[in-house]
Amino acid sequence: MATSGPLPVLNYIAGSWVESTSRERVRDINPARTSESLGEITVSTPADVTHAIDAAAAAYQEWRRTPAPQRGDIVRKAADLMERRRVELARLLTEEEGKTLPESLAEVDRSVANVRFAAAQGTRLTGETIPSAQRGTFIYTVRDPLGVVACITPWNFPIAIPAWKLAPALVAGNAVVFKPATLTPLCAAQVVQCFIDGGVPDGVLNMILGPGDALSRAIIDDERVKAISFTGSSAVGRRLYAQAAQRLCKVQLEMGGKNAVIVMDDADLEKAAESVAGGAFGATGQRCTATSRAIVLRSRLVDFTELLAAKADTWRAGDGLADGVRLGPIVDDTQLRKVRERIAAGKKEGARVVRDGSAPTKPDLKAGYFVEPTIFADVDPNMSVAQEEIFGPVVSIIPANDYESAIAAANAVGYGLSSSIYTRDLSTAFRYAEESEAGMVHVNIPTVGGEAQVPFGGVKDSGLGDRECGTAAFDFFTEMRVVYVGY
Ligand code: UN1
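In this note's numbering, the protein residues as written are 199 to 685.
Take a look at the structure:
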């Protein structure tokens, strides 16, 4: 990287890159070429978490007193640096997480937009004045930072998710303990480096690398941590929420999805198939907003299935840095095993295999953790492939008789993150927008993605608490205080 910082494999505490107290290291692996090691990553202990919280607590008062517009200026500089380092960051992202270079470039661009949006909120941390029912009384509200907050992030968007959590947390005036996924620490370290180089003072942002369970527990157990923003699986999120609730720690959860696209009789079939392919195979299906179900009206079923299968053929798997590759590897062997198990379960349950990518035969795909596009058809809404999050390039086509049965199938899952419908009929579109049980509803637009200025998040097993991104992010990272003044 262009920075002069030390090798980004260590913890960052109180303004220095430091070895963990365990002195242990683990290998960071390129999932497209598993023989290639990208670095040696320090393995933290709960004692390191305590040191990071000590540092954040010590730095907090001065940071909260720094005027919000100045905090915003520092964070904006971090966005500018991220933009300048765009290509290096994207290459690193491809090497460490596996997504293709164009996907990585798009992720960095999105991160820049998120950090910039949050930075600008430094001048807009407004409250309101409220008329009092009593004479000679003036009432107003202010937004206070919470104190020390923790951000726990996953490996699948290892630059964007840290960016959209850390930036609003910092602009709001909090001191942060950042615990990124163990699989993508180099990306996390480079995000931190942008904030440091942008001018975030020592102790205000701290990062600890290491095993999720033990370190999260240490974060949850420390009374000084006032809020935890978590993105990851629903199982882990649920546990975290239950534990944090014991001491009334504020929690924001962004979790899994089982997102459906409904394809109506009058849909633009080409657009619908393109949307399902992109949503299912993009980022190798490793995103919470991935399209994993296509609910298709019977009149369009044969044509849609053919079109989708043809599109799947164009998603060539390989090393994400290579030209023409559209599908990177699965992130590690554990995930690879899970994806293969879920595909095997679908076959066992009797889903019809249109395309099976679970065991690629091309020699160059032996070097990494690859699964090729996989399509199931004639899927019953109750089958596990239609119910469980797969987190791989796998999509299930579910036939439906009419709109009513389609929306019923779409809603018949535990998750509620994102959804979409392809139709040209205005009343179907609005009806669906009203009836879809998802936090983010789309009409003639894929289930994936999101814009910096727009709230992001789901309902049911997909999310809990304030939304991320947009101004909503500041609802989570601030506390409202009401002031009554008698004059
Ligand atoms: C996207 O759809 O582009 O973990 C973003 C995830 C989500 C982010 C998805 N929190 O996949």
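Beta carbons: idealized from backbone N, C-alpha and C, even for Gly.
Span of the beta strand (DSSP E) holding Asn609?
Per DSSP, Asn609 lies in no beta strand (DSSP E); the unbroken alpha helix (DSSP H) holding it starts and ends at 601 to 609.
What does a CB cutoff of less than 8 Å around Glu677 pick up in its chain, not counting 5 residues either side in sequence?
Arg341, Asp342, Pro343, Leu344
So Thr232 is in the beta strand (DSSP E); what residue range does that whole segment cover?
231 to 240
Residue environment, Glu666, which counts as buried when at least 16 other CB atoms sit within 10 Å:
buried
Is there contact between the segment 650 to 668 and the segment 524 to 533, where contact requires at least three CB pairs shorter than 8 Å?
no
With a 10 Å radius around its C-beta and 16 neighbouring C-beta atoms as the bar for buried, classify Gly522 as buried or exposed.
The residue is exposed, with fewer than 16 neighbouring Cβ atoms inside 10 Å.
Which term fits Ile328, buried or exposed, when burial requires 16 or more other beta carbons within 10 angstroms of its beta carbon?
exposed
Within 10 angstroms of the Cβ of Ala200, are there 16 or more other Cβ atoms? Answer buried if so, exposed if not.
Legend: pLDDT at Ala200 = 43, less than 50; position of this residue unreliable, no value from coordinates given.
Can you tell me the Cα-Cα spacing of Val494 and Phe502, whole angstroms?
8 Å
For Asp511, is the classification buried or exposed, using 16 other Cβ atoms within 10 angstroms of its Cβ as the cut-off for buried?
exposed
Thinking just about the alpha-carbon of each residue, which of Ala361, Ile211, Pro597, Gly237 is nearest to the one in Leu279?
Ala361
Beta-carbon proximity list for Arg496, same chain, < 8 Å, skipping 5 on both sides
So the qualifying residues of the chain are Pro597, Ala598, Asn599.
Sequence-distant residues of the same chain with beta carbon closer than 6 Å to Ser427, five excluded per side:
Cys349, Lys363, Gln450
Start-end ranges of the beta strand (DSSP E) lying completely within the segment 326 to 372, minimum 3 residues
The segment 326 to 372 contains these whole beta strand (DSSP E) runs: 327 to 329, 335 to 343, 346 to 350.
Beta-carbon gap between Ser220 and Asn457 smaller than 8 Å
No, the pair does not count as a contact, with Cβ atoms beyond the cut-off.
Reduced DSSP category for Pro597 - H, G, I as helix; E, B as strand; rest coil
strand
Measure the C-alpha to C-alpha separation of Ile272 and Gln391 and round it to an integer number of angstroms.
Per the coordinates, the alpha-carbon of Ile272 lies some 13 Å from the alpha-carbon of Gln391.
Sheet register partners of Leu451 (DSSP bridge):
Phe428, Leu662
Taking Asn228 as the reference, which of Gly518, Leu413, Ala488, Gln332 has the closest Cα?
Gly518
Does DSSP classify Tyr613 as helix, strand or coil?
Strand, per DSSP.
Taking 7 Å as the cut-off, is the C-beta of Gly371 nearer than that to any heavy atom in the ligand UN1?
no
Strand pairing of His640, partner residues [DSSP]
In DSSP, His640 forms a bridge with Ser618.
Own chain residues within Cβ distance below 7 Å of Arg553, not counting five before or after
Ala507, Ala510, Pro571, Thr572, Ile573
Output needed for Thr351: all residues of its chain with C-beta closer than 7 Å, excluding positions within five of it in sequence on either side, in chain order.
Ile359, Pro360, Lys363, Pro378, Ala379, Thr429
Own chain residues within Cβ distance below 7 Å of Arg274, not counting five before or after
Arg314, Ala317
Helix, strand or coil, according to DSSP, for Lys377 in the structure here?
strand
Using C-beta distances below 7 Å, list every residue in its chain close to Val216, excluding the 5 sequence neighbours before and after it, in chain order.
Leu208, Asn209
How about Leu299 and Ala311: do their beta carbons lie closer than 8 Å?
No, they are not a contact pair.
Sequence-distant residues of its chain with Cβ nearer than 7 Å to Ala277 (five each side left out):
Val310, Val313, Arg314, Ala317
Would you call the segment 253 to 262 and the segment 556 to 563 touching, i.e. three or more CB-CB distances under 8 Å?
no
Integer-rounded CB distance, given that Thr645 should sit under 8 Å from Thr487:
5 Å
Tell me whether Arg540 is buried or exposed, calling it buried when 16 or more other Cβ atoms sit within 10 Å of its Cβ.
buried
Pick out whichever of Ile460, Gln441, Tyr439 has its Cα sitting closest to the Cα of Glu602.
Ile460
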